[in-house]
Amino acid sequence: MALVVCLLSVVALLLIAAIALLSARAGRAGPAVYAACLAVSLIGLAAASTHLLAASSPSEIIAPLGLPWIGAHFRLDALAAFFLVLVNIGGAAASLYAIGYSRHEAEPWRVLPLYPAFLAGMNLVALADDAFTFLFAWEVMSLASWALVLVHHRDEENRRAAYVYLVMAAFSAFALLLAFGVLAGPDGGYAFAAIRGHAPSPLLAGLVLALAMVGAGAKAGLAPLHVWLPLAHPAAPSHVSALMSGAMTKVAVYAFIRIVFDLLGPVAWWWGVPALAAGGITAALGVLNALMQSDLKRALAYSTIENIGIIFAALGLSLAFAGDHMAAASALALIAALFHALNHTLFKSALFFGAGAVLTATGARDMERLGGLIHRLPTTSVAFLVACAAISALPPLNGFASEWLALQAILLSPDLPQWSLKLLAPAIGALIAVAAALAAACFVRIYGIVFLGRPRSPEAAAAHEVDAWSLAAMIGLAALCALAGLLPGLVIDGLAPATWSLVGARMPEQAGIPWLSIVPVAESRSSYNGLLVFVFVAASASIAAFAIHRLASRALRRAPAWDCGFPDASPLTQYSAASFAQPIRRVFGGYALGAREFVDMPAPGEIRPARFRLELHDLAWEHLYQPVAGAVAFAADRLNPLQFRTIRQYLSFVFFALVLLLVILALWA
Amino acid sequence: MDALAFDLAHLLAGCLVLLSFTMLYQDRLYALLNVFALQAVALSLSVAWQAWIQGAPHLYVTAAIALVFKAIIIPVTLHRVVAKLGIHREVETVVSVGPTMLAGIGLVALSIVVMLRVTVAADPLAREDIAFALSVVLLGLLMMITRRNAVSQVVGFMSIENGLILAAAGAKGMPLVVEISVAFSVLVALIVIGVFLFRIRERFDTVDVAALDRFQGERR
Amino acid sequence: MGLIADFAAQGAQMLLVLALAPGLTGLVRKAKARLLRRRGPPLLQPYRDLIRLTRKEVVLAENASWLFRIIPYMIFAGTWVAAALVPTFARGLLFSWSADLIAIVALLGSARFFLTLAGMDVGTSFGGVGSSREAMIATLAEPAMIMIVFTLALLAGSTQLSVVAGFMLSPAIGLRVSLGLALIALIMVAIAENGRIPIDNPATHLELTMVHEAMVLEYSGRHLAVIELASSLKLLLYVSLIACVFAPWGLAPLRAHFVAQLGAAAIYVGKLAVGGVLLAVFETTIAKMRVFRVPDFLGVALMLGLLGALLLFVSRSL
Amino acid sequence: MSIAIDGLGLILIVPAASAAALALISDYRLSARLNMLASFVTLISALSLLFSKSEPGPYLNVDDLNIVFIVLTALVGFTTSVFSASYIGHELETGRLSPPHLRFYHAMYQALLFSMNLALAANNIGVMWVAIEMATLTTVLMVGLYRTREAIEAAWKYFILGSVGIAFALFGTILVYMAARPVVGEGFDGMIWTVLIERVSAFDPALLDVAFVFLLLGYGTKVGLAPLHAWLPDAHAEGPTPISAVLSGLLLNVALYAVLRFKLLLAANPGALAPGPLMATLGLSSLIFAGLMLYRRRDIKRMFAYSSIEHMGIIAFAFGMGGPLANFAGLLHMTMHSLTKSAIFFAVGHIAQVKGTQRIADVRGLTVTHPVLGWGLVMGVIAIAGLPPLGVFTSEFLVVSSTFARQPWLALPLVAGLLVALGALMLRLQGLVFGEPTPDVAPSQASYAPMFAHLALVFVAGIYLPPPLVAWFQHVAGLLG
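This is how it looks when you write it as structure tokens:
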């Protein structure tokens with residue numbers, strides 16, 4: 329039943345896309361389209377969440393489409409339902425936001441038909457139950473988002489970003505295609521049901537694992553394949569950026585889980601190692617890069633990479649546990665991963681919405697031109713602050729809950745028998761801890777530079793609050809962040825069916841625990857209660873405030889800032905985004921980012937100005953992407969002269985081909 | 010099938026191969042054309058002989074076409090072309106004659122090895138014919154790729170075609186030989202016309218193929 | 003009845019730490035002064051300062067936002083709750099289940115998060131200096147703290163402080179290398195977190211070196227009072243954390259008799275005094291280090307913590 | 004030849020007769036209409052073949068292998084005639100062509116359709132050879148139609164290379180006859196396909212091998228497999244665009260169809276060496292070579308010509324791999340490619356007329372100035388790059404996955420080539436349709452109907468394949484072994 333509703337919602341989205349295609353040029357079609365998308369997403373959300381919470385058994389549908397002798401298989405199980413919930417939350421929020429935001433779009437007809445198609449593609453990936461349908465939906469998703477990245481196509485940068493993105497998307501699709509090719513076998517049993525039937529040999533399993541890592545990782549932004557992501561995500565309109573970062577990367581995570589946990593058969597312990605290592609490195613690298621960006625949306629995109637890293641690390645841990653038959657621990661790690669995926673969808677969407685609001689209010693994405701927006705955009709600043717706190721893993725918000733679960737899972741890893749894992753797990757734990765601390769710094773920087781301080785440009789000084797729809801979307805997501813953080817137990821229980829189906833275990837029932845605490849393993853071991861912490865903090869803060877205001881003075885006087893006795897007029901004397909990052913850059917940047925500083929200090933008496941130049945290198949770009957591109961260019965240049973030969977030389981090619989074949993024939997028998 | 014028939018057919022086929030070598034050896038256009046005419050004559054003779062021993066009257070048509078069209082019309086026309094377009098008379102070679110001859114010998118050896126190995130089932134006469142025909146084809150192609158100017162390339166192509174006709178005639182009882190030879194003659198005729206009338210002249214002051222190639226698809 | 007007693011104990015603990023915190027700060031100052039052959043301010047000076055500050059009016063920078071005004075209370079609340087969760091004189095307090103060591107670290111982290119934001123709110127250069135340096139220190143101190151938590155959790159099999167303390171009391175615990183490493187790391191982290199010498203000098207207002215003071219530069223009146231209280235609470239928290247983990251003797255068990263609890267409280271005060279004096283001695287014996295040598299200092303802490311954790315991870319199977 | 008006037012006869016007689024008639028009509032509007040009409044009648048009669056099963060005759064035969072291609076040829080021939088009717092007038096106005104040229108053009112167009120239909124429907128390998136030679140000659144004449152230096156150059160190159168290829172093909176045909184003679188006896192039977200395929204198992208395998216080498220190289224030259232491809236890019240770039248569409252969409256298919264016929268023979272003969280590796284190697288080399296050549300192209304039509312080489316490579320590779328899946332994919336890919344590529348050439352024709360240039364660098368921002376045309380091109384290129392929701396994706400999916408399951412080391416270069424080609428196509432596509440638009444020189448008059456008709460078909464095929472079509476393909480795939 330829920331499956332039918334989900335499929336119908338996909339169909340509805342496609343219909344909306346078609347209608348939008350026909351009517352997009354008719355002017356004010358935008359709000360209508362987005363409202364329709366919102367409604368459909370909510371319906372899909374309702375259907376998926378009922379299926380998930382009711383823990384109902386998987387349902388299947390086979391449509392006579394796609395590959396004729398297989399047909400298009402669709403299946404809705406707990407895992408798919410969870411990711412559908414996730415996608416549709418993102419979709420609903422983005423649609424709500426876009427009802428207002430889309431008014432600022434110069435060429436709406438470039439967005440309207442593609443946006444519903446993008447949503448439909450993401451939904452369909454989660455529903456697909458055979459390799460063909462899966463990749464079909466996967467590519468539709470990629471293509472739609474590619475075209476959406478190209479909405480502002482007059483900008484050279486965006487075109488380049490879109491190009492890199494599309495090539496990487498095709499690369500990931502091919503990797504997954506090869507993986508499915510191995511799984512399906514030579515006689516093409518592409519239906520997932522058939523694939524589940526037989527487990528491949530360890531060698532082939534390793535091959536599939538590698539391909540899945542590459543394919544899903546390239547789409548999700550796993551280092552070192554992440555380079556396209558910070559180019560493409562910021563280039564799209566903000567509500568699309570939110571979808572790409574918040575929902576599409578999760579669809580990639582879904583692909584990894586589906587292939588490795590579900591299709592690949594019994595888990596071996598070493599499957600976890602690559603995911604664990606790549607995840608930890610990605611987390612640290614992503615957030616470090618995020619700290620160095622001055623473009624707001626690009627910084628957010630890099631922080632997406634960090635969160636993907638955390639998710640993959642948790643997934644790797646879960647694989648390792650599952651391989652060693654520690655089902656409960658595996659379930660804990662898996663829950664941590666899924667929970668974090670959900671949280672990331674919530675706060676990253678909110679953050680991109682905020683960035684979009686800032687963009688519409690000031691027209692600037694460069695943080696060095698912003699500042700003091702907390703006075704101009706009061707509501708946005710509140711929602712943005714909540715999201716920043718949540719993504720910085722501050723209790724009692726949701727980000728902390730999921731990272732806390734992840735750390736608890738790492739604390740269980742000493743029981744793993746393999747030495748490599750014993751050594752790897754704490755190292756990754758340290759990396760994740762560093763990443764969390766860096767993330768806090770990163771978002772202090774973002775919020776402090778953009779919303780606090782004094783405006784660094786007249787646009788920022790003249791900004792105005794955005795429309796009610798956008799605000800509603802942001803506030804709603806912020807509220808969800810708080811809710812998921814205060815009552816994590818509900819989410820964990822909701823996720824139980826997914827873990828049952830994948831690793832055959834679940835975390836202990838959380839609903840019955842007094843005071844609504846969450847207990848991963850046993851209460852004596854560890855427990856956390858977001859609600860209680862929140863009540864404590866709120867109570868003590870208000871008590872303190874009340875007491876002081878009541879018993880002591882409440883007098884207040886506005887005066888110029890003291891600033892250690894050097895009050896200065898110019899806002900440019902504030903700490904800038906770059907200078908805020910400087911200490912951290914000096915500590916970490918040297919190794920991770922190849923950061924180099926060049927100071928040209930004139931000798932006393934010289935009148936020329938002093939110069940400071942900073943170089944940052946993305947190592948993956950320089951050592952992975954550029955060599956490949958260079959190789960292709962080299963080969964193309966070498967081959968190109970073949971277009972400019974004479975007829976005689978072309979004939980001689982034919983001649984030599986013939987002689988060669990004849991010689992081969994002569995030598996054959 | 011008595012020995013005489015076999016020997017004669019063998020002899021004529023061998024003549025064609027020999028003449029192909031002679032063509033490779035030529036360095037003057039007129040001489041080249043004459044040798045080609047000679048080869049055409051040899052071809053028509055051998056086809057006619059095949060017609061006689063196979064008792065296949067339709068092959069006489071092919072022989073006639075070969076004689077009239079390729080031994081007389083085409084060479085004459087090409088003489089006129091050379092004269093009209095004032096092509097300098099010597100054949101411009103890419104590879105000098107010596108290596109070309111060696112390569113040719115290698116090709117003949119190759120074709121004989123290939124063909125004799127594979128045609129054990131066929132009767133000996135056909136085997137010889139096919140082997141020689143293949144070597145004529147290969148030599149013609151060799152000529153096309155080692156000669157620079159269009160006339161000699163056309164000649165090379167026509168000698169390829171001679172080889173094919175030889176093979177077709179040699180294949181006992183093969184249908185459609187006439188149609189095929191006619192079709193081929195059309196092809197050849199078009200090539201010659203292409204060189205002569207068909208716009209080449211009005212566009213290029215030489216039929217040196219290199220000049221045709223100066224425009225190389227795209228300007229660099 | 004039991005529940006009420008639990009509430010009472012919990013409340014008593016919260017009030018106790020609140021009452022003791024400025025005293026500890028005062029003690030450290032006094033001890034340092036004595037070590038420097040100065041008379042130094044009286045022990046109760048911090049209390050006086052706080053009261054005077056709360057009476058003064060707040061002078062607020064013109065472009066300070068609403069956030070700037072509520073942040074002091076959030077910092078205070080976060081720190082206070084964190085401190086309340088550390089078993090000071092009694093184990094198994096009512097709400098100790100609501101948050102474990104990781105949560106305590108995170109609570110302090112969120113306090114710092116808002117403090118650094120406050121530093122950037124007014125938009126002065128000094129605020130930025132403080133915030134960015136604080137952020138840099140935090141990026142090393144917090145992971146180190148997490149590693150220490152790993153070590154303790156692996157030893158005690160729990161991240162619950164009461165359980166850890168209980169484990170430390172139990173005879174099962176022998177002398178362990180990892181524990182030693184963890185202790186050293188914890189002390190280093192504590193010094194960094196509380197902005198003590200050699201990381202930062204709480205007494206200085208020299209622009210080039212100050213970190214914590216630079217962030218709170220624009221605060222005044224009651225806001226400053228609350229922040230000062232919070233920072234002394236933090237100092238108290240770390241001292242009592244070290245005490246309850248590495249010197250857990252004399253902790254009153256769950257639902258102990260009232261008198262026993264009083265005795266435990268007395269012991270706890272003694273511990274604090276010892277810790278404060280030790281800190282004073284340490285601070286007087288060494289000099290403040292350059293800001294960009296701080297990462298090395300904290301890097302050592304992080305490495306020690308990681309080493310301790312690794313040793314346990316590996317030795318688990320032996 | 005005696006031909007009953009059924010659909011089979013009509014698909015030959017109608018084009019032949021109308022070719023003769025068109026040679027006489029001077030008014031180009033009338034001749035264009037007649038051209039459309041004739042192509043339409045051909046299409047109808049080709050469709051009628053689907054329902055009337057006819058007995059194989061000595062010269063002609065319709066079986067599962069060629070029926071699909073006959074219908075496809077008739078269809079694309081019709082749509083292209085519609086396109087050219089609206090296209091060619093513009094050429095006349097701009098003075099690139101004169102009425103006599105147009106008369107010649109239309110006559111040749113029908114002659115080309117005739118020869119292709121003949122080649123497809125032939126039951127006699129000799130007839131098939133003659134027909135393909137005729138097709139070559141007609142296309143050569145059309146490529147040279149513009150009489151520019153470049154056009155003549157291209158035509159000449161095509162002519163010489165094509166003739167040599169034809170010669171090889173003939174030699175191969177003779178060899179096949181010689182292989183057949185000992186078994187089926189002298190005379191006509193030795194060249195009749197239906198007879199050959201029945202008795203082939205008794206043929207001398209070694210002779211068949213040599214024959215196949217010549218046939219592969221000969222007809223392969225027409226298919227445009229590297230390194231025999233040299234004529235193809237220029238012929239596509241310099242001829243009238245409708246001819247480029249027919250060349251890529253149909254003629255290459257016809258030549259490949261001829262290769263397939265003989266591959267069937269070898270497949271049915273136990274002793275013969277498997278033709279698979281040979282075709283797979285040629286296909287792979289063509290794919291990678293063309294993919295790399297795409298990057299440096301400056302001329303739109305020449306670029307898509309190289310993409311045709313690439314796709315012919317993919318198809319040859321698929322048939323070389325063999326097996327039901329890969330063969331199915333190959334057949335599907337042939338169909339999809341001819342529809343898509345001709346649609347792309349329609350779009351390119353519009354672009355060349357609107358912008359007055361074929362240089363890629365001089366065309367930008369089409370989606371801004373001509374949204375329909377621009378997005379049509381985007382759709383076409385997406386399809387040809389093998390991305391869903393269009394039909395080529397299905398076939399590439401099957402090729403890659405089935406290959407990887409059987410020979411992983413072969414799949415890696417295949418995927419690399421596909422990726423390289425996709426990168427090049429998308430790079431150029433973005434340059435063409437996005438960015439600051441370039442000014443137009445003339446309004447576009449030609450109708451978009453043919454292009455979108457093709458794209459619609461490809462789109463539907465990408466989502467749903469009708470069972471009868473699948474049945475055909477599967478049967479043929481079984482035959483191809």
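Chains C, Z, S and L, in that order, give the protein sequences.
Each residue of the first sequence is one higher than the one before, counting from 329 in the numbering used here.
Each residue of the second sequence is one higher than the one before, counting from 10 in the numbering used here.
Each residue of the third sequence is one higher than the one before, counting from 3 in the numbering used here.
Each residue of the fourth sequence is one higher than the one before, counting from 4 in the numbering used here.
Backbone N, C-alpha and C define an ideal beta-carbon position, used for all residues, glycine too.
As the structure is a prediction and not an experimental result, all values here were calculated from the model.
For the region 957 to 976 of chain C, which residues have a CB atom closer than 7 Å to at least one CB atom of chain Z, in sequence order? 971, 972, 974, 975, 976
Which residues in the same chain have their Cβ closer than 8 Å to the Cβ of residue 208/Z, if we skip the five residues on either side of it in sequence? Residue confidence is low: residue 208/Z scores 43 on pLDDT, short of 50, so the model does not pin down where it sits. No coordinate-derived value is stated.
Hey, residue 560/C and residue 123/Z are a contact pair by Cβ (cut 8 Å); roughly how many whole angstroms apart? Contact flag wrong, Cβ pair sits at about 57 Å.
Below 7 Å, is the gap between the Cβ of residue 225/L and the nearest heavy atom of the ligand GTP? The ligand GTP is not among the ligands present in this structure, which contains no ligands whatsoever.
Determine the burial state of residue 954/C: buried for a count of at least 16 other Cβ atoms within 10 Å of its Cβ, exposed for fewer. exposed
So, for residue 806/C: in the same chain, excluding its five sequence neighbours on each side, which residues have a beta-carbon less than 7 Å away from its beta-carbon? 678, 711, 714, 715
So which residues of chain L does residue 481/C contact, with C-beta pairs closer than 7 Å? 437, 438
Going along the chain, which residues of the region 496 to 526 of chain C sit with their C-beta nearer than 7 Å to a C-beta in chain L? Along the region 496 to 526 of chain C, the positions whose C-beta sits under 7 Å from a C-beta of chain L are 498, 499, 502, 505, 506, 508, 509, 510, 512, 513, 514, 516, read in chain order.
Between which two residues does the beta strand (DSSP E) containing residue 117/Z stretch? It is not in any beta strand (DSSP E) - residue 117/Z instead sits in the alpha helix (DSSP H) that spans 106 to 127.
How many Å lie between residue 964/C and residue 970/C at the Cα? Taking the straight line joining both Cα atoms gives about 10 Å.
Could you list which residues in chain C have their beta carbon closer than 7 Å to that of residue 122/Z, in chain order? 994
Where does residue 439/L fall in DSSP's three states? coil
Can you list, in chain order, the residues of its chain with a C-beta nearer than 7 Å to that of residue 826/C? Leave out the 5 residues immediately preceding and following it. 406, 407, 410, 666
Does residue 15/L get closer than 8 Å to chain Z when you measure Cβ to Cβ? no
Quick check on residue 207/Z: does DSSP put it in helix, strand or coil? Summary for residue 207/Z: the model assigns pLDDT 46, below 50, so the residue's position carries little reliability; its value from the coordinates is reported in the next sentence. Of the three classes helix, strand and coil, the one that applies to residue 207/Z here is coil, per DSSP.
Cβ shell of residue 111/L (< 7 Å), same chain only, five flanking positions each side left out: 141, 144, 145
Does the structure place the region 631 to 647 of chain C close enough to the region 575 to 583 of chain C that three or more beta carbon pairs sit under 8 Å? yes
For residue 260/L, which residues does DSSP report across the bridge? Residue 260/L is not bridged to any residue.
Residue 212/Z versus residue 200/Z: straight-line alpha-carbon distance, rounded: Only weak support exists for where residue 212/Z lies, its pLDDT of 36 falling under 50; the value from the coordinates is given anyway. Those two C-alpha atoms are separated by around 16 Å.
Consider the Cβ of residue 79/Z: report whether some Cβ of chain L lies at a distance smaller than 8 Å. no
So if I threshold CB-CB distances at 9 Å, which residues from the region 148 to 173 of chain Z count as touching chain C? 150, 151, 153, 154, 155, 156, 157, 162
Can you tell me the Cα-Cα spacing of residue 151/Z and residue 218/L, whole angstroms? 19 Å
Ordered along the chain, which non-local residues of its own chain (more than five positions away) have a Cβ less than 6 Å from that of residue 71/L? Counting only residues of its own chain and dropping the five nearest sequence neighbours on each side, residue 71/L has a CB closer than 6 Å to the CB of 475.
How close, in whole Å, do the beta carbons of residue 38/Z and residue 160/Z come, if the pair is a contact with beta carbons under 8 Å? 6 Å
On the premise that residue 229/L lies in contact with residue 322/L, defined as a C-beta separation below 8 Å, what is that separation, rounded to the nearest angstrom? At roughly 16 Å, the Cβ-Cβ gap does not stay under 8 Å, so residue 322/L and residue 229/L are not in contact.
Measuring only the C-alpha atoms, how far is residue 783/C from residue 422/C? 28 Å
Residues of its chain near residue 392/L, where Cβ-Cβ distance is below 8 Å and the 5 sequence neighbours each way are ignored: Here the set comprises 462, 465, 466.
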